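Peer 1: When we follow UniProt numbering, the leftmost residue of the sequence shown carries the number 1, and every step to the right adds one. Using N, Cα and C, we set each Cβ at its ideal position, and we do this for glycine too. Just so it is clear, the structure is predicted and the values come from calculations on it, not from any experiment.
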Amino acid sequence: MSTEDFTANSAAGAQRTVVVVGHGMVGHRFIEALRTRDELSQWRIIVLAEESDRAYDRVGLSSYVGAWDRSQLALPGNDYAGDANVELHLDARVTDIDRSGHRVTTADGRQFDYDTLVLATGSYAFVPPVPGHDSKGCHVYRTLDDLDDIRADAEKALKTNSEATGVVVGGGLLGLEAANALRSLGLKAHVVEVNPRLMPQQIDEGGGEHLARMIGALGIDISLASGTTSIERDGDGLKVTLKDETVIDAALLVFSAGVRPRDELARAAGLDLAERGGVLTDINCRTSDPDVFAIGEVAAIEGRCYGLVGPGYATAEVVVDQILDGDAVFPGADMSTKLKLLGVDVASFGDALGTTPGALDVVVSDPINGTYAKLVLSDDASTLLGGVLVGDASSYGILRPLVGSTIPGDPVSLIAPSSSDTPALGIGALPDAAQVCSCNDVSKGTLCAAIENGACDVAALKGCTNAGTSCGSCVPLLSQLLAAEGVEVSKSLCEHFSQSRAELFELVQASGIRTFTGLIERFGTGTGCDLCKPTVASILASTSSDHIHDGEQASLQDSNDHFLANIQRNGTYSVVPRVPGGDITPEHLILIGEIARDYGLYTKITGGQRIDMFGATVDQLPEIWGRLVAGGMESGQAYGKSLRTVKSCVGTDWCRYGQQDSVQMAIDLELRYRGLRSPHKIKMGVSGCARECAEARGKDVGVIATEKGWNLYVAGNGGMTPKHALLLASDLDGETLVRYIDRFLMYYIRTADRLQRTAPWLESLEGGLDHLKSVVVDDSLGLADDFEAAMARHVDGYACEWKGVLDDPEKLSRFVSFVNAPGAPDPTVEFGEKNGRKVPVLIGTPAFGRP
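#1: Can you tell me whether Pro846 is helix, strand or coil according to DSSP?
#2: Below 8 Å, can you find three or more Cβ-Cβ pairs linking the region 774-788 to the region 738-750?
#3: What are the boundary residues of the beta strand (DSSP E) that Gln659 is part of?
#4: Any heavy atom of the ligand NAP inside 7 Å of the beta-carbon of Asp91?
#5: When burial is assigned at 16 or more other CB atoms within 10 Å of the CB, is Arg644 buried or exposed?
#6: Does the beta-carbon of Ser542 have 16 or more other beta-carbons within 10 angstroms, so that it is buried, or is it exposed?
#7: Looking at Gly582 and Gln553, is the spacing between their C-beta atoms short of 8 Å?
#8: Gly66 and Ser378 - do their beta-carbons sit closer together than 8 Å?
#9: Starting from Ile567, follow its DSSP beta bridges and name the residues at the other end.
#10: Quick check: what's the CA-CA separation for Thr143 versus Asp234?
#11: I'd like the span of the beta strand (DSSP E) that includes Asn180, first residue to last.
#12: Note down the Cα distance separating Arg304 from Gly454, rounded to an integer number of angstroms.
#13: Please classify Lys338 as buried or exposed, where buried requires at least 16 other C-beta atoms within 10 Å of its C-beta.
#14: Quick one: what does DSSP say Pro760 is sitting in, helix, strand or coil?
#15: Would the beta-carbon of Ile283 fall within 8 Å of that of Val329?
#16: Count the other C-beta atoms from every protein chain shown that fall within 10 angstroms of the C-beta of residue 883, then say buried if there are 16 or more, exposed otherwise.
#17: Using only alpha-carbon positions, find the residue among Thr281, Asp289, Tyr313 and Pro290 that is nearest to Ile301.
#18: Leu90: buried (16+ other C-beta within 10 angstroms of its C-beta) or exposed?
#19: Would you list, in sequence order, the uninterrupted alpha helix (DSSP H) runs of no fewer than 4 residues that lie entirely inside the region 497-550?
#20: What residue from Thr617, Thr585 and Phe293 has the CA that sits closest to Val26's CA?
#21: If you drop the 5 nearest sequence neighbours on each side, which residues of the same chain put their C-beta closer than 8 Å to that of Thr465?
#22: By alpha-carbon positions, which one of Ser62, Tyr64 and Asn78 ends up nearest to Gly22?
#23: Leaving out the 5 sequence neighbours to the left and right, which residues in its chain are closer than 7 Å to His547 when beta-carbon positions are compared?
#24: Would you kindly report the start and end of the unbroken alpha helix (DSSP H) that includes Val775?
#25: Just to confirm the assignment, what range does the alpha helix (DSSP H) spanning Gly208 have?
#26: Spell out a yes or no on whether the region 571-590 and the region 631-648 are touching, meaning 3 or more CB-CB pairs, one atom from each, closer than 8 Å.
#27: What separation, rounded to the nearest whole angstrom, lies between the Cα atoms of Leu415 and Ser336?
#28: From Lys136 to Lys156, what distance separates their C-alpha atoms?
#29: Run through DSSP, which three-state label would Leu493 get?
#30: Sorted by chain position, which residues of the same chain lie with C-beta nearer than 8 Å to Lys641's C-beta, five sequence neighbours on each side aside?
#31: What first and last residue would you give for the alpha helix (DSSP H) that runs through Lys641?
#32: Assuming Leu117 and Val130 make a contact with CB atoms under 8 Å, what is their CB distance in whole Å?
#33: Closest to Asp69 by CA distance: which of Gly207, Ala565, Glu50 and Gly518 is it?
#34: Tell me the rounded alpha-carbon separation between Ser420 and Gly526.
#35: Looking at the strands, I want to know which residues DSSP matches up with Gln435.
#36: Evaluate Ala725 with the Cβ neighbour count: other Cβ atoms within 10 Å of its Cβ, from every protein chain shown; 16 or more gives buried, anything less gives exposed.
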C-alpha cells in the first residue's frame with residue numbers, strides 16, 4: 001500500500017489495519033485493550049508472533065519448572081476466539097519493515113500491509129562476550145523453549161553425576177530465579193555476580209548482605225564481585241573460570257546478565273534509536289515515523305527503556321488511546337518490585353538506593369530473624385522517597401503507595417516489628433490518591449468507588465479495576481480494603497483458589513486428585529503461589545501416606561520440608577530423632593552422643609523431651625540420618641507441620657503420686673500420631689496426676705490421669721498468645737481416650753485454616769467448645785467412623801520420611817553440598833563459643849564479642 005493509498009483509505013473511513021509485531025505480555029495487553037475500547041470496530045488487528053506459543057506469563061516463567069505444562073502460563077484470551085477482527089500468526093518472525101509501503105515481511109516471505117504498526121518485540125537475554133560463551137551447554141533464561149533445553153541438559157548430567165553443578169552468570173532478579181530453577185531440577189547452583197551484592201539494581205548493600213546470607217543458607221553457592229573470564233567444553237560438561245582464577249566444573253551454564261531491547265528491526269528500517277538502545281519514542285510512544293509506535297521493553301520513551309511489566313502495560317494503554325484519537329501520554333513508571341526469591345521475601349520501591357540529594361536512611365536490621373528494612377526519607381525526614389525490604393516484605397503494600405507522601409508518624413515504627421504498642425500500619429493510612437496497584441495504575445480512591453458500586457470481593461475488584469491482575473503483589477491490600485470498608489471478605493485460600501483450605505480438603509478427598517497441577521486445573525486458576533502450594537502439599541500429605549518428596553509434591557514444600565530439617569540462624573540445620581514420650585535407651589543415647597561428637601554438633605535437651613543436634617550442613621544430613629536409622633531411630637518430624645512431641649512425666653513406674661501409666665500412654669500416642677500432617681504443628685502432653693509435671697494443659701492435646709482413667713484437654717497452645725487447653729471429656733478409659741483424640745485431630749485437620757493452630761481454630765469454630773464436644777463425643781455430624789477410619793489409614797501407612805529418602809537415590813540427590821566442597825568450611829557459616837559449647841555466629845553481626 002502506497003502512502004497515497006494509505007492516506008486516502010484513512011480519509012474514507014474504511015476499517016484500518018494495525019499490525020502488532022510481537023505477542024508477549026505487553027503485546028497481548030495492547031490487543032485486549034484495543035478490542036475492549038474499539039466499540040465501532042474501526043481497527044483490524046494482525047498479530048505476528050515469533051514464538052510458537054501464544055502470549056504467556058513470562059513474569060511467572062519459573063513456575064514452568066516442575067509442572068512442565070505450557071498451558072498453565074497461557075494468558076487468558078490469548079487466542080482471541082470468536083473475534084473476526086483479530087488475526088494471529090504464530091512462528092511468524094518479521095524480518096523487514098517497508099515504511100514507505102506500509103508493509104512488513106516475515107521470514108517465510110509473507111507480507112502484511114498496515115495503517116499503523118506497533119512494535120512489541122520486547123528484549124533478549126544479554127550474553128557477555130566471554131570466550132566460549134557459545135559453547136554447547138550454555139543457555140539463557142528467557143523463554144519456555146530455553147527452560148526445556150536447560151531441563152534436558154540437567155537430566156542428562158544427573159544420570160552420571162548426582163552432585164552436578166549449574167552455573168548462573170548474573171545475580172539479579174532473573175539470575176536468582178534461574179538458580180532456583182536449577183536447584184529444583186536437582187542441580188547444585190552456583191551464582192556468579194560481577195557486582196559486590198546480589199540484585200544491585202533493586203536493593204542496597206545492607207539488603208544485599210542479608211539476601212546473600214539467606215540464599216547461601218539454602219545451599220546455593222555465591223561468588224560476588226567476580227566475573228566469568230572463560231568457558232571451555234570439558235567432555236559432557238563445562239569448565240568455567242572466574243575472575244579470581246577459580247575453576248568450576250559445571251554441567252551447564254545459564255546467562256542471566258540482563259536484557260537488551262530487540263530493536264534490530266527498527267534499526268534496519270531507519271527508525272531513530274536511543275543512545276543506549278531501544279526504539280526512541282516521545283511520551284505518546286510514537287517513534288520517528290508517525291505511523292509506527294513502540295511499546296513495552298523495546299520502547300525507549302524519551303530515551304529510557306523500562307524493563308517491568310507495569311510500565312509496559314502503561315505504554316500499551318497509551319498507544320490504544322492514541323490510535324483511537326485520544327491524547328494519553330506515558331504517565332511515568334513505578335519501578336517497584338516485590339517477589340519471593342527461593343522462599344525469601346524481597347521488595348524495593350521508590351528511590352530504594354537513596355540517590356536523591358540529601359536523602360536520609362532509616363534502617364532496622366535483624367540478622368537473627370533474617371530481616372532487613374530501610375526507608376529513604378527526604379532531607380527534612382518528612383517525606384517517604386523509597387525503601388528496601390528483605391526477609392519480611394509484608395509492609396510493602398502499604399509503604400509503596402506512600403512514596404512521595406508525608407510519613408504518617410515515626411518512620412522507625414513503619415518498619416519495626418509490630419506489637420500492641422506499635423500496631424502495623426493499615427490501609428486506612430493511605431490517601432485516596434495513593435496508587436495501590438502500580439502495574440495497572442489503580443488508586444485507593446478508584447477501588448473504594450468500585451466497592452461502593454457493588455464490588456464485594458477480591459475477584460470483583462480485580463475484574464472491574466484490573467488491580468491485582470498482573471504481578472499480584474497488591475492482592476492482600478484488596479482484602480484489607482474490603483475489610484476496612486465493612487465488606488465481609490471471602491475466605492478464599494488465595495487468588496488461585498476461591499475455596500477455603502477446609503473446602504479444598506473436601507475436594508481432594510471427594511475427587512481423588514493427588515497432584516497440585518490436577519487440583520488447580522480443575523478447581524483453581526493460574527499456576528499457584530507460595531500460599532496455596534505448601535497448603536495443598538499439606539492436604540495431600542494429610543490424606544495419604546505418600547512420601548512428601550514423591551513426584552510433583554517435592555517442588556511444593558517449604559524450605560524445612562525441602563531438606564527434612566529445621567534451618568537455623570547461621571544456615572545450618574538441626575537433626576532431631578524421635579524419642580517417644582521421652583523414653584530413650586542407653587544405646588540410643590550413646591548413638592546420639594557419637595554422632596554429635598563425630599560431626600561437631602551442638603546438643604540440647606528440649607522442652608519436648610528430645611535431644612536436638614544443631615549445626616549440620618545439608619550434605620551431612622543423609623550421612624547422619626543413615627547412622628540414626630541404622631541404629632533403630634527415626635525422624636522426629638521437628639521440621640514439619642505435624643505432630644512434634646508427646647511429653648510425659650515419669651508416671652506410675654517411678655513417681656509415688658502417679659495414678660496411671662503416663663509414660664506408656666505418651667509412647668502409645670506418639671507412635672500412633674507420628675508423621676500426621678496438619679495445618680500447623682501439634683504438641684501433646686501426658687501427666688500421671690493432677691500435679692501436671694508434663695504441663696499437659698499447655699498443649700494442643702493434653703491428657704491428665706485421674707483415679708478413674710484420663711481427662712482429655714484440647715486446644716492449648718504456647719507461642720505468642722498462650723492458651724490453656726479446655727476440658728473436653730473426663731475419666732475416660734484408654735480406648736475411648738484414643739478414639740476421641742482421633743476424632744478431634746481429624747476434625748481439626750479437615751476444617752482449620754492454613755497455618756491455624758488448634759487454639760485459634762477452636763475460637764473460630766461456631767459453637768465453640770460445646771459444638772466440638774457434640775462432634776467428638778456425641779458424633780453429632782455422623783462422622784466419627786469416618787474420622788477413626790482415616791486415622792487408622794494413617795497409622796497403617798506411616799513410614800519414616802528420612803528412611804524413605806535414604807532408600808531412594810532420586811530423593812537423596814536434593815541434599816547437595818553448601819558453598820564448601822565436602823570437607824572444606826563454608827565461609828558463610830561460623831561458630832563461636834558460649835559456656836564452653838559451640839554456638840552459631842553470623843558473619844558481620846555483633847555476637848558473643850565479635851566486632
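Peer 2: Put simply:
#1: Low confidence applies to Pro846: its pLDDT is 33, below 50, so where it sits in the model is not reliable, and the reading given next is rough at best. The answer is coil: DSSP assigns Pro846 none of H, G, I, E or B.
#2: yes
#3: From DSSP, Gln659 is part of no beta strand (DSSP E); its letter is neither H nor E.
#4: For the structure depicted, the ligand NAP is absent and the ligand set is empty, with no information on it obtainable.
#5: buried
#6: buried
#7: The criterion of a C-beta distance shorter than 8 Å is not satisfied by Gln553 and Gly582.
#8: no
#9: Tyr573
#10: Thr143 and Asp234: Cα-Cα distance of roughly 27 Å.
#11: Element bounds for Asn180: not the beta strand (DSSP E) but the alpha helix (DSSP H), Leu173 to Ser184.
#12: Rounded to whole angstroms, the gap between the alpha carbons of Arg304 and Gly454 is 40 Å.
#13: buried
#14: helix
#15: yes
#16: The chain is shown from 1 up to 851; residue 883 falls before or after that span and cannot be answered.
#17: The shortest Cα separation from Ile301 among Thr281, Asp289, Tyr313 and Pro290 belongs to Thr281.
#18: Result: exposed.
#19: 501-511, 516-523 and 532-542
#20: Phe293
#21: Once the five neighbours on either side are set aside, the close Cβ partners of Thr465 are Cys437, Asn440, Val442, Thr446, Leu447, Ala450 and Ala455.
#22: Of the candidates Ser62, Tyr64 and Asn78, the one whose C-alpha sits nearest the C-alpha of Gly22 is Asn78.
#23: Glu801 and Gly804
#24: Gly768 to Val776
#25: For Gly208, the enclosing alpha helix (DSSP H) has its first and last residue at Glu205 to Gly216.
#26: yes
#27: Reading off the sequence shown, one finds Ile at residue 415, where the question assumed Leu. Cα to Cα, Ile415 sits roughly 17 Å from Ser336.
#28: 13 Å
#29: coil
#30: Ser538, Arg677, Ser678, Pro679, His680, Lys681 and Leu755
#31: Unbroken run through Lys641: none, as it is neither H nor E.
#32: In fact, because the Cβ distance is near 36 Å, the residues do not count as touching under 8 Å.
#33: Gly518
#34: Legend: pLDDT at Ser420 = 39, less than 50; position of this residue unreliable, value from coordinates given subsequently. If I take the Cα positions, the gap works out to 37 Å.
#35: Ser443
#36: buried
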